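Q: Let me give you the structure first, and then I'll get to my questions.
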Amino acid sequence: MEPERSERGRRVLLGVTGGIAAYKAPELVRRLRERGFAVRCALTPAATTFVSPLALEVVSGRAVHREEYLTPTGSGAELHVEAAAWADLLLIAPATAHTLASLALGLADNFLLTTALAFRGPVLVAPALHTAMWEHPALRARVAELRARGVALVGPATGPLASGESGPGRMAEIAEIVDAVERAFAPRDLDGRTVLVTAGPTFEPIDPVRFLGNRSSGKMGFAIAAEAARRGARALLVSGPVALATPPGVERIAVETALEMEAAVRERAVACDIVVMAAAVADFRPREPASSKLSKSAGVPRLELVVNPDILHRLAEWAPGALRVGFAAETGDPDSAARQKLEAKDAHVLVANDVSRSGIGFGSDDNEVTVHRRDAPPLALSRRPKSALARDLVDLFVAELRALRREDLAVPR
707 MEPERSERGR RVLLGVTGGI AAYKAPELVR RLRERGFAVR CALTPAATTF
757 VSPLALEVVS GRAVHREEYL TPTGSGAELH VEAAAWADLL LIAPATAHTL
807 ASLALGLADN FLLTTALAFR GPVLVAPALH TAMWEHPALR ARVAELRARG
857 VALVGPATGP LASGESGPGR MAEIAEIVDA VERAFAPRDL DGRTVLVTAG
907 PTFEPIDPVR FLGNRSSGKM GFAIAAEAAR RGARALLVSG PVALATPPGV
957 ERIAVETALE MEAAVRERAV ACDIVVMAAA VADFRPREPA SSKLSKSAGV
1007 PRLELVVNPD ILHRLAEWAP GALRVGFAAE TGDPDSAARQ KLEAKDAHVL
1057 VANDVSRSGI GFGSDDNEVT VHRRDAPPLA LSRRPKSALA RDLVDLFVAE
1107 LRALRREDLA VPR
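Residue numbering for the sequence shown is 707 to 1119, as defined by our numbering.
Written out as structure tokens, the structure is:
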């Protein structure tokens, strides 16, 4: 079992109720833990029909709460009170019609509902039920009461239901639920701000079929844009060609070439408070792409390359009042290259990483970076998931913007 040592402020009590979507609970727990949350689970009696308590115990690393109300040691400690005190957020997914109505009415006929009455933090529920039940006036009134008391809902989504029908009532996708949890914990320190992030590679056409490109997946830039949106920013994401879904709350501008990315950034940068150049922009492009597919029967083609524009360097001209952040994806000695680029490109922050190392950088889910700033020593951020690294980087960007503008952006949560 995982020891009770998780950082305060990242603890989630997951309530699982008796709907068919309960089978997704182990994957939800896994995804939450990947994002750095400590998770405990509480199952209603009906939920055990759909998901094994043992499975949730294994994936969470913690004992699962069911219908035991006192500690087995006989100390008299009330487990539902202890669980409520431990958690920073109560998440109920799936939430059935019975549970939604019971929450609204303050009923407490099982461990989860009893714990909910004792809990004093934010509550997030993901309804999962048949369309007719979701649309029933009695339940709609109960849901309105919950919302009026500050309970947040994620979903339900519209789609195929267990009944074989299709309509509203399907539990929200796990990624959407996890993002809602992240938003519930995120500080609102970027409210009213605009953050532009570039991500992914650029593809420079050789002919209508082939191109010059690189291995950038865009994951780091997408994670930063998602984090900025959670914190209240208007998040603009100028993305090269990647196979990633647009994060919730993010405005995506799709581009393919370096020239297209330059135009998209130039048009929008002036209105931005922070610009993060996390894209791996191709340094060169063919001078004149072929109008038809090159054939090897014609021999080895000769490519004449020209230098692509340096978008980061131009930012000082386009967005003089913005915090300007660059990324240096290098091999060998990335920190030396980053220090040179920090000054040469007139950036405020340069984030360096070694893409030659296995398991970090291009295409990976993890990253390890060193942050270089103008008037501060380098800051090494050890290997961690890119979503967790994005939180730390945005923390730093907010602090740097505050220092740059000599203002306090902190907003009490």
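The beta-carbon is built from N, C-alpha and C at its ideal position, and this holds for glycine as well.
Only a predicted model underlies this, so the values are computations on that prediction, with no experimental measurement involved.
To the nearest angstrom, report how far apart D1016 and A932 are at their CA atoms.
A: Locating residue 1016 in the sequence shown gives position 310, counting from the first residue. Locating residue 932 in the sequence shown gives position 226, counting from the first residue. Cα to Cα, the separation comes out at about 25 Å.
Q: Evaluate E994 with the Cβ neighbour count: other Cβ atoms within 10 Å of its Cβ, from every protein chain shown; 16 or more gives buried, anything less gives exposed.
A: The count along the sequence shown starts at 1 and reaches residue 994 at position 288. Its Cβ having fewer than 16 others within 10 Å, E994 is exposed.
Q: Quick one: give me the first and last residue of the beta strand (DSSP E) that T1037 is part of.
A: One-based indexing of the sequence shown puts residue 1037 at position 331. Neither: T1037 is in no beta strand (DSSP E) and is coded neither H nor E.
Q: Can you list, in chain order, the residues of its chain with a C-beta nearer than 8 Å to that of L867? Leave out the 5 residues immediately preceding and following it.
A: For this step, residue 867 is matched to residue 161 along the sequence shown. Only H836, T837, G873, G875, R876 meet the Cβ criterion.
Q: Relative to the C-alpha of T908, which residue among G924, D895, V915 is closest?
A: For the purposes of this step, residue 908 is taken as residue 202 along the sequence shown, with counting starting at 1. For the residues G924, D895, V915, the minimum Cα distance to T908 belongs to G924.
Q: Keeping to the same chain, check which residues put their C-beta closer than 6 Å to that of T1076; ignore five residues upstream and five downstream.
A: To locate residue 1076, count along the sequence shown from 1; it is residue 370. Here the set comprises D1041, A1058, P1084, A1086.
Q: Taking 8 Å as the cut-off, decide whether the C-beta atoms of A822 and L809 are in contact.
A: Within the sequence shown, residue 822 is the residue found at index 116, counting from 1. Within the sequence shown, residue 809 is the residue found at index 103, counting from 1. A contact, by the Cβ cut-off of 8 Å.
Q: How would you write the range of the alpha helix (DSSP H) that S1093 sits in, first residue to last?
A: Start at 1 with the first residue of the sequence shown, and residue 1093 comes out as number 387. Note, S1093: alpha helix (DSSP H), 1092-1111.
Q: Do V901 and L859 have their CB atoms nearer than 8 Å?
A: Indexing the sequence shown from 1 puts residue 901 at position 195. Indexing the sequence shown from 1 puts residue 859 at position 153. No, they are not a contact pair.
Q: Does the Cβ-Cβ distance between T904 and V971 come in under 8 Å?
A: The residue you call residue 904 lines up with position 198 of the sequence shown. The residue you call residue 971 lines up with position 265 of the sequence shown. Contact: yes.
Q: Could you check if K1092 is buried or exposed, using at least 16 other CB atoms within 10 Å of its CB as the buried criterion?
A: Numbered from 1 along the sequence shown, position 386 holds the residue referred to as residue 1092. Looking at its Cβ environment, which holds 16 or more other Cβ atoms inside 10 Å, K1092 is buried.
Q: Would you decide whether S869 is buried or exposed? Buried here means 16 or more other CB atoms lie within 10 Å of its CB.
A: Taking the sequence shown and counting its residues from 1, one reaches residue 869 at position 163. By the neighbour-count rule (16 or more Cβ atoms within 10 Å), S869 is not buried but exposed.
Q: What's the gap between the Cα of V735 and the Cα of L762?
A: Counting from 1 along the sequence shown, the entry for residue 735 is found at position 29. Counting from 1 along the sequence shown, the entry for residue 762 is found at position 56. Going from the Cα of V735 to the Cα of L762 covers about 8 Å.
Q: Which first and last residues belong to the alpha helix (DSSP H) in which G767 is found?
A: Counting from one through the sequence shown, the residue named residue 767 turns up at place 61. Taken as a continuous stretch (DSSP letters only), G767 belongs to no alpha helix (DSSP H), as it is neither H nor E.
Q: Just to confirm the assignment, what range does the alpha helix (DSSP H) spanning M839 have?
A: Your numbering for residue 839 matches position 133 in the sequence shown. Start and end: 837-840.
Q: Rounded to a whole number of angstroms, what is the C-alpha to C-alpha distance between D897 and T723?
A: Locating residue 897 in the sequence shown gives position 191, counting from the first residue. Locating residue 723 in the sequence shown gives position 17, counting from the first residue. Their Cα atoms are separated by approximately 35 Å.
Q: Could you round the C-beta distance between A967 and G946 to whole angstroms and report it? I think they count as a contact, below 8 Å.
A: Start at 1 with the first residue of the sequence shown, and residue 967 comes out as number 261. Start at 1 with the first residue of the sequence shown, and residue 946 comes out as number 240. In the sequence under discussion, the amino acid at residue 967 is Met, which differs from the Ala named in the question. Contact check for M967 and G946: beta-carbon distance about 7 Å, within the 8 Å limit, so the pair qualifies.
Q: Can you tell me which residues form a DSSP beta bridge with T802?
A: Within the sequence shown, the letter at position 96 stands for residue 802. Looking at the DSSP assignment, T802 forms no beta bridge with any residue, so it has no partner.
Q: Relative to the C-alpha of L942, which candidate in R921, A977, A964 has its C-alpha closest?
A: Locating residue 942 in the sequence shown gives position 236, where the first residue counts as 1. Considering only alpha carbons, the answer is A977.
Q: If we ignore side chains and look at the alpha-carbon of each, how far apart do D1052 and A847 end up?
A: Locating residue 1052 in the sequence shown gives position 346, where the first residue counts as 1. Locating residue 847 in the sequence shown gives position 141, where the first residue counts as 1. The alpha-carbon atoms of D1052 and A847 are separated by roughly 56 Å.
Q: Where does T1037 land, buried or exposed, given buried means 16+ other C-beta within 10 angstroms?
A: Counted from its first residue, the sequence shown places residue 1037 at position 331. T1037 comes out exposed.
Q: Excluding five sequence neighbours on each side, which residues of the same chain lie with their C-beta closer than 6 Å to the C-beta of R1030?
A: Position 324 of the sequence shown, counted from the first residue, corresponds to residue 1030. Closer than 6 Å at the Cβ level, and outside the excluded window around R1030, lie V981, L1021, A1053, H1054.
Q: What three-state label does DSSP hand V678 in the structure shown?
A: For residue 678 there is no data in the structure shown, the boundaries of the chain being 707 and 1119.
Q: Taking the straight line between their C-alpha atoms, what separation do you get for L965 and N1014?
A: Walking along the sequence shown from the start, residue 965 turns up at place 259. Walking along the sequence shown from the start, residue 1014 turns up at place 308. Using only the alpha carbons, I get a separation of about 7 Å.
Q: Please classify S998: does DSSP put it in a helix, a strand, or coil?
A: The residue labelled residue 998 in the question sits at position 292 within the sequence shown. DSSP places S998 in coil when its eight states are reduced to three.
Q: Going along the chain, which unbroken runs of the beta strand (DSSP E) with 3 or more residues stay wholly within the region 879-949?
A: If we require 3 residues or more, the beta strand (DSSP E) runs fully inside the region 879-949 come out as 900-905, 940-945.
Q: For a quick check, are the C-beta atoms of A1096 and I930 less than 8 Å apart?
A: As a working mapping, residue 1096 is identified with position 390 in the sequence shown. As a working mapping, residue 930 is identified with position 224 in the sequence shown. Yes, they are a contact pair.
Q: Tell me, to the nearest whole angstrom, how far the beta carbon of V956 is from that of A935; I am working on the premise that it is less than 8 Å.
A: The residue you call residue 956 lines up with position 250 of the sequence shown. The residue you call residue 935 lines up with position 229 of the sequence shown. Indeed, because the Cβ distance is near 5 Å, the residues count as touching under 8 Å.
Q: Between the alpha carbons of F891 and P911, how many angstroms are there, rounded?
A: Taking the sequence shown and counting its residues from 1, one reaches residue 891 at position 185. Taking the sequence shown and counting its residues from 1, one reaches residue 911 at position 205. For F891 and P911, the gap between their C-alpha atoms comes out near 43 Å.
Q: Measuring alpha carbon to alpha carbon, tell me which of A1094, L738, G742, F756 ends up nearest A728.
A: Locating residue 728 in the sequence shown gives position 22, where the first residue counts as 1. The shortest Cα separation from A728 among A1094, L738, G742, F756 belongs to F756.
Q: Which complete beta strand (DSSP E) runs does the region 1004-1031 hold, if anything under 3 residues is left out?
A: Listed in chain order, they are 1011-1013.
Q: Which one of L795, I726, A803 has the shortest CA to CA distance from L738?
A: In the sequence shown, residue 738 corresponds to position 32, counting from 1. Considering only alpha carbons, the answer is L795.
Q: Give the secondary structure of P953 by DSSP, where H, G and I count as helix, E and B as strand, and everything else as coil.
A: As a working note, residue 953 is residue 247 in the sequence shown. Correct three-state label for P953: coil.
Q: Quick check on H786: does DSSP put it in helix, strand or coil?
A: If you number the sequence shown from 1, residue 786 lands on position 80. Here H786 sits in helix by DSSP.
Q: Specify, as a first and last residue, the run of the beta strand (DSSP E) that L719 falls within.
A: Start at 1 with the first residue of the sequence shown, and residue 719 comes out as number 13. Unbroken beta strand (DSSP E) run through L719: 717-722.
Q: So if DSSP puts F1068 in a beta bridge, which residue, or which two residues, is it bridged to?
A: Position 362 of the sequence shown, counting from 1, holds the residue named residue 1068. F1068 pairs with nothing; no bridge assigned.
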